[in-house]
Every structure is written in structure tokens, then in C-alpha cells.
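Numbering (our numbering), first residue to last: 4 to 713. Each remark here refers to the structure printed beneath this line.
This is the structure we're talking about:
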């Protein structure tokens with residue numbers, strides 16, 4: 004090749020290289036200058052997440068606006084696996100996070116039904132299936148969440164034939180292999196597997212759904228997590244429930260994470276009607292009490308926010324798709340100061356009753372003019388703020404502090420039922436207010452060895468001639484035996500039903516209906532009904548069992564003239580913007596057209612009990628007239644112990660409240676007079692203060708009369 008050819012080729016190659024450089028330059032120019040903004044924008048919008056923003060739960064107040072349950076700021080830990088990298092890196096991050104948890108004593112969510120220490124065992128007898136009943140009562144088996152997830156993730160073998168179910172050890176090994184979890188330390192491996200199990204339960208689209216790993220973590224934990232710089236681990240502020248009163252624990256209830264059954268119920272709920280489900284699997288819901296029954300009012304509407312991240316994971320922009328709306332305020336009929344007076348009195352008085360084995364008690368106060376529950380207490384009680392911490396201790400406590408005796412406990416009414424027998428006899432014309440019946444000590448209508456009056460058993464004496472007012476004051480059994488026999492069991496049952504005894508009162512919380520004695524119930528229990536059983540029913544014995552709230556509402560119905568209201572705790576609901584969403588209207592369940600003279604005759608007997616009867620000593624300093632009736636009922640045929648029962652109302656001339664108190668194995672109802680007096684002293688404290696004004700001191704008098712010097 005001569006020199007000339009060499010130069011031609013060199014120049015050709017140089018020209019080609021120059022063209023390539025120019026082409027690259029033009030490309031870079033277009034990319035960085037002409038289309039630079041476009042590509043920069045594209046890089047900034049490469050990742051877009053949808054975040055759910057929790058709305059504050061509604062406040063619960065008493066009838067005076069006093070906050071009972073509010074919210075406080077807490078911090079929770081969420082995990083976003085999509086930002087943790089590949090499986091191996093993800094496992095390392097989770098192991099470091101769990102080490103911080105162990106150091107700080109933080110508990111995390113782990114419902115994988117496998118023990119946390121090897122050799123691993125299932126913590127449920129049937130981890131893959133559970134038994135349930137359909138609407139026809141037929142038993143069926145359903146797949147558990149573990150089984151459904153294990154199938155979806157191919158952790159268990161399922162082909163055309165039967166499923167080959169692994170042991171707990173085998174399942175952990177399979178999970179670790181599938182999720183690339185190091186197995187050098189099997190305890191740590193089980194912990195990571197539990198966390199990832201929780202994550203994969205949440206959604207098929209796990210890389211877009213943050214998982215709530217731990218709740219209510221402290222500042223020390225937060226600082227240590229920040230130091231580690233763990234990708235995909237996020238700490239966010241949230242609101243949690245705060246109990247602003249130690250009282251009314253059985254009524255207010257609590258919130259907690261949903262279990263499988265609750266999730267099945269809530270996951271499709273669309274409370275606000277926007278076409279989107281309002282609940283996620285990690286949401287807290289009302290578990291009991293007011294928190295549960297008014298869930299739809301208290302729950303706010305969650306917000307939805309679009310968050311755009313650049314390729315470095317930094318937030319570029321945020322846009323609200325739907326702003327969160329706080330839950331509504333639920334105002335109750337409850338007066339928390341009255342509730343406190345009731346609970347404090349029960350706690351002070353009940354342990355000191357003469358009944359040696361007194362186990363528990365309950366008291367309910369109802370507004371006689373609308374059925375509103377002003378106080379509803381069960382003794383012993385518990386601390387709502389420590390519900391989880393004290394749960395095992397409370398469950399094992401033989402006095403059952405978690406049990407709501409006021410709504411769920413059923414007790415024989417004893418002599419407090421005698422007003423039903425008395426008013427029925429008067430209204431049916433069996434007796435008149437002035438009719439006298441002779442107390443013979445023993446009721447010999449059926450045989451000479453008939454049932455006896457309590458005074459005859461005690462001293463061999465009798466009450467002599469008794470009107471209905473006398474019989475109520477003296478609790479004369481013979482009078483009510485005779486009236487009850489002449490009425491018959493059907494009429495007694497009819498009047499008991501009209502007063503709501505043996506029926507639910509309608510309160511929003513769970514309650515029991517109790518039992519009104521009669522042939523039907525006795526025969527259903529395998530017994531035989533005899534005419535003499537009616538005598539026992541007439542004085543509140545036999546098989547009648549009523550709740551304390553029923554007893555209070557029965558007395559309220561009696562003294563307001565015969566209007567039986569549905570009992571209720573809800574007063575009104577107010578939205579976050581102040582709009583009144585709901586206001587309770589009193590609901591009448593039934594009406595008795597009681598003759599005034601008959602009602603007066605019964606009330607006179609109840610008044611006499613507090614003026615000159617067994618309760619008189621308790622009410623000497625109460626400035627208003629109080630009507631009452633005591634009762635005691637044998638706990639069982641084999642027991643000599645009796646439950647104590649007391650019902651009251653006040654003021655006598657224009658009744659405002661009705662009160663019922665029951666003490667298990669508490670002896671006689673008259674001993675509960677001290678509790679009733681405590682309650683009435685608080686309720687009528689202004690009247691007491693007006694009757695006993697504080698005298699001015701000489702210094703105050705001189706000061707008030709001194710001339711003003713300019």
C-alpha cells in the first residue's frame with residue numbers, strides 16, 4: 004500500500020469517527036437540553052405510591068360534655084418491602100430490626116400459629132381448617148388464613164389429589180427456603196418468617212401496601228431505628244385511644260386489631276357510601292361496649308394520598324386524593340360524676356356487708372322520664388387502660404371483674420317483685436287500696452303446712468291486718484300469697500311483661516333477657532308446675548331471674564305512671580364540623596294505664612319503708628322523700644346464702660331517677676341502704692347544700708359590710 008492510499012483511508016476513518024461523535028453529541032443535546040425537562044420529570048415520577056392516612060377516632064363524652072375517651076399521639080412502625088431490595092437483603096434488614104426490638108423490649112405483630120422456639124409446633128389444634136356452622140346449623144370446615152396463604156405461596160403441596168399438610172417444622176423450613184431467610188439461628192428465622200407471614204397476608208400487591216409492624220413505640224426505640232438507617236422501615240405518628248376516666252369500664256369498651264372473623268365482616272363495609280371499602284386488615288375497631296356498638300359513628304373516614312418518589316426514594320410531590328375526616332363525637336346519657344359516686348360507694352360498702360361470701364354487685368340508675376341510663380356500674384371493675392396487661396389476672400379472678408353484672412347478671416328479685424303483685428291485684432280489682440288481709444303467719448289455703456311469712460319464721464309473730472301499703476312497707480308474704488293466688492300465674496306473667504321483667508330493656512349494649520317464672524319454663528327445665536308455685540312467684544322467688552337494669556326500668560315504669568321506655572346510653576352524635584348527625588328520641592315500649600289511687604297506694608308503702616321501716620336510718624339526712632323496696636333471694640336450693648336486692652326512686656312527689664342495686668350473697672336488701680344513701684346524697688347535693696348553708700365567718704361579715712374607700 005502506497006502512502007497515498009494510506010492517507011485516504013486514514014481520512015475516511017477519521018471522518019467516520021467524527022460523524023459518530025457528532026451523532027452522539029446531537030443525541031446528548033436532545034436528551035439534556037431539548038428534552039431534558041421531559042426526562043428529568045420522568046425520573047422524578049418513576050415511583051408512585053398510594054398512602055392511606057388514618058383519621059382520628061371520634062371522642063366519647065358524658066351527658067355534660069365531659070370527655071371520657073379521647074385520642075393521643077403515638078408512633079407506629081410500618082414496613083414497605085418494596086424499598087428493602089431483594090429477598091436476601093430484606094431478610095438482613097428484618098433481622099437487624101428485630102434485634103432493636105429485643106434490645107428495647109418492643110413487641111411486634113406476629114399471628115403465625117407456630118411456637119416461637121424449636122422444635123416448632125402449631126399453636127392451634129387445627130391450623131389449616133376451622134369448624135363453623137351454616138345458617139341451617141350444619142357443621143362445615145373452612146380454610147384458615149394460613150392454609151390459603153400457604154397454598155398461594157406454594158408452601159404446601161396441592162395438586163389434583165389431597166393436600167399434603169406439613170408439620171410446623173417442615174412449614175418453617177419451606178418458608179425460609181422460599182423467602183431466602185438465613186436459618187443459622189432458627190429462632191431468628193422463625194421471627195422473620197412470622198413478620199413476612201403478616202406482610203403477605205395483607206395483600207397480593209405486597210410491594211405497595213405498608214405493613215404495621217409495631218404500635219405505640221417509645222422515643223428510645225425510634226432513635227435506635229433511625230440510627231440503623233433501615234430501608235423500608237418507616238415510623239409515623241398516629242392517634243390511639245386515651246381513657247380520661249377510670250370509671251365506666253364495662254360500658255365504654257375498648258378498641259383492638261381485627262381478628263379473622265371481624266376482618267371478614269368489615270372488609271367490604273362502605274360506611275360513607277363512596278363505593279370504596281373503609282377498612283384495612285391492620286385497622287383497629289371497637290371490640291366491646293360503646294366503642295363497638297357505635298363503631299360507625301366513631302370511625303372517621305380515612306384519607307388517601309398519592310406520593311411520588313424519585314429514583315433515590317425521595318418524595319417529589321404529594322397530592323390528596325381524599326382528605327381524612329375525623330370521627331364523630333358520641334355523647335352519652337351517662338353522668339360520669341354520678342357514675343363515680345356509684346362505683347366508689349360499691350367499692351367501699353360491698354366488701355363490708357354482713358354476707359361473708361359477697362362476690363360482686365351492680366347498680367343502675369335510670370331517668371324515669373325518658374329511659375336514659377345515668378349510671379351503670381358493676382363491682383368489681385377493672386382498668387381499661389391496662390386491659391391487655393391485666394387480662395390474664397382478671398380472667399383468673401374468681402370475682403370476675405370483666406363481667407358486666409348490671410346487664411348480664413340475672414338474679415331473683417325477691418320482695419322487690421311485690422309491687423308487681425300489688426299493682427296487679429289493685430288494677431284487676433282483686434283488692435282495693437283500703438282492703439285488709441290478715442297475716443296468719445302460715446298460708447294454709449292448700450294445706451296446713453303452707454308457706455310462711457318471714458316474721459313468723461323469725462319470731463313466731465304476724466303483721467296482723469295489712470293493706471297493700473302496709474304489706475309493701477312490712478314485706479308481708481301472706482298478703483302477697485293471697486293476692487297472687489287469686490290473680491293466677493297468667494296474670495302475674497302478663498303484668499311482669501308489661502313492666503319489662505324477663506325481657507330485654509333495649510339498651511344498645513349486649514344484655515340478657517332473664518326469665519319470668521311460669522309453667523312453660525318449669526316444664527321446659529324438666530320440672531312440674533303446681534298451683535303452690537304461684538305463691539312463690541308472687542313474692543319474687545321461684546325461677547324468676549332479672550337483670551339489675553330490668554329492675555331499675557321496672558321501677559321507673561311504675562313511678563312515672565306506667566310508661567315503659569326503651570333504655571339507652573346514646574344521647575346524640577355530633578360530626579367533626581359541629582353538625583348534629585343524630586339526636587335520640589325517647590322510645591316507648593309499652594304503656595300501662597294505672598289508676599292514680601292504685602299507684603299512690605303502692606308508692607305510699609315504698610315511702611314508708613324509708614321513713615319508718617328498715618331503711619329509715621339511712622335516709623335521715625336526705626332532703627327529698629325517697630321510695631324504696633328491699634328484697635333478698637336464696638342463691639340456690641342447696642345454699643343458705645341470699646342475694647341482696649334494693650330498688651328506689653326519688654323525689655317521691657315528682658320522680659326523676661330510679662335505682663336498682665344487687666349484691667351477690669349480700670344478705671338482706673336493707674343493708675344496701677347505705678349505698679343508696681351515698682348515691683342520693685351526691686345526686687341531691689345542691690338540695691342538701693341549700694338546707695345547710697355555710698355560715699359567714701365574722702371576718703367575712705365585717706368585710707362585706709365595710710364602706711368602700713376611694
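Note that CB positions come from ideal geometry on N, CA and C, so glycine has one too. As the structure is a prediction and not an experimental result, all values here were calculated from the model.
query = Which residues bound the beta strand (DSSP E) around residue 2?
reply = Residue 2 lies beyond the residue range present for the chain, which begins at 4 and ends at 713; the question has no answer from this structure.
query = How far does the beta strand (DSSP E) with residue 425 in it reach, from first residue to last?
reply = Note, residue 425: premise wrong, no beta strand (DSSP E); alpha helix (DSSP H) at 421-430.
ask   = Can residue 550 and residue 495 be called in contact, C-beta distance under 8 Å?
value = no
request  = Please classify residue 146: does DSSP put it in a helix, a strand, or coil?
outcome  = strand
ask   = Are the Cβ atoms of residue 100 and residue 233 separated by less than 8 Å?
value = yes
message = As a quick exercise: from 452, 450, 451 and 445, pick the residue whose alpha carbon is nearest that of residue 464.
response = Here the closest residue by C-alpha is 445.
task = Taking residue 104 as part of the alpha helix (DSSP H), name the residues at either end of that continuous run.
result = Note, residue 104: alpha helix (DSSP H), 90-107.
ask   = From residue 688 to residue 680, what does the alpha carbon distance come to, in whole angstroms?
value = 11 Å
ask   = Who are the Cβ neighbours of residue 601 in its own chain at under 7 Å, not counting the five residues just before and after it?
value = 426, 429, 430 and 436
query = Whose C-beta lies closer than 8 Å to the C-beta of residue 242 among residues of the same chain, with five residues either side of it excluded?
reply = Around residue 242: 57, 59, 60, 74, 75, 76 and 77.
ask   = Which term fits residue 2, buried or exposed, when burial requires 16 or more other beta carbons within 10 angstroms of its beta carbon?
value = This structure leaves residue 2 out entirely; the chain is present only between 4 and 713.
key: Under 8 Å between C-beta atoms of residue 634 and residue 672   = yes
request  = Keeping to the same chain, check which residues put their C-beta closer than 7 Å to that of residue 607; ignore five residues upstream and five downstream.
outcome  = 472
query = For the candidate residues 415, 289, 438 and 404, whose alpha-carbon lies nearest to that of residue 540?
reply = 415
ask   = Are residue 554 and residue 666 closer than 8 Å when you measure CB to CB?
value = no
ask   = Between residue 304 and residue 328, is the Cβ-Cβ spacing less than 8 Å?
value = yes
query = Looking at the structure shown, is residue 34 part of a helix, part of a strand, or coil, going by DSSP?
reply = Note on residue 34: pLDDT 45, under 50, position unreliable in the model; the coordinate value appears next. Residue state, collapsed to three classes: helix.
task = Taking 8 Å as the cut-off, decide whether the C-beta atoms of residue 627 and residue 589 are in contact.
result = At a Cβ-Cβ threshold of 8 Å, residue 627 and residue 589 do not count as neighbours.
key: Alpha-carbon to alpha-carbon, residue 685 and residue 132   = Whole-angstrom Cα-Cα distance: 56 Å.
Integer-rounded CB distance, given that residue 374 should sit under 8 Å from residue 720 = Here the chain covers residues 4 to 713 and nothing more, so residue 720 does not appear.
key: Exposure of residue 630, with buried meaning 16 or more beta-carbon neighbours within 10 Å   = buried
query = Per the contact definition of three or more C-beta pairs closer than 8 Å, is the region 360-374 in contact with the region 221-239?
reply = no
key: Buried/exposed call for residue 300, threshold 16 Cβ in 10 Å   = buried
query = Can the beta-carbon of residue 501 be found less than 8 Å from the beta-carbon of residue 595?
reply = yes
ask   = Are the CB atoms of residue 371 and residue 659 nearer to each other than 8 Å?
value = Yes.
message = Is the beta carbon of residue 171 closer than 8 Å to that of residue 182?
response = Between residue 182 and residue 171, the gap from beta carbon to beta carbon reaches 8 Å or more.
task = Identify whether residue 593 lies in helix, strand or coil by the three-state DSSP scheme.
result = strand
task = Could you pull out every unbroken beta strand (DSSP E) segment of at least 3 residues lying fully inside the region 233-295, listed in chain order?
result = 236-246, 258-260 and 287-289
query = Under the DSSP definition of a beta bridge, which residues are partnered with residue 54?
reply = 308
Same chain, Cβ closer than 6 Å to residue 113, five either side skipped, listed in chain order = 197
Range of the contiguous alpha helix (DSSP H) that encloses residue 126 = Element bounds for residue 126: n/a, residue is neither H nor E.
task = If I'm right that residue 542 touches residue 421 with Cβ under 8 Å, what's the distance once you round it to whole angstroms?
result = 6 Å
Residue of 649, 227, 66 and 71 minimising C-alpha distance to residue 478 = 649
Residue 605, buried or exposed, once every other Cβ within 10 Å from all chains shown has been counted against 16 = buried
ask   = Which of the three DSSP states, helix, strand or coil, is assigned to residue 586?
value = strand
query = Cβ atoms of residue 678 and residue 348: under 8 Å apart, would you say?
reply = yes
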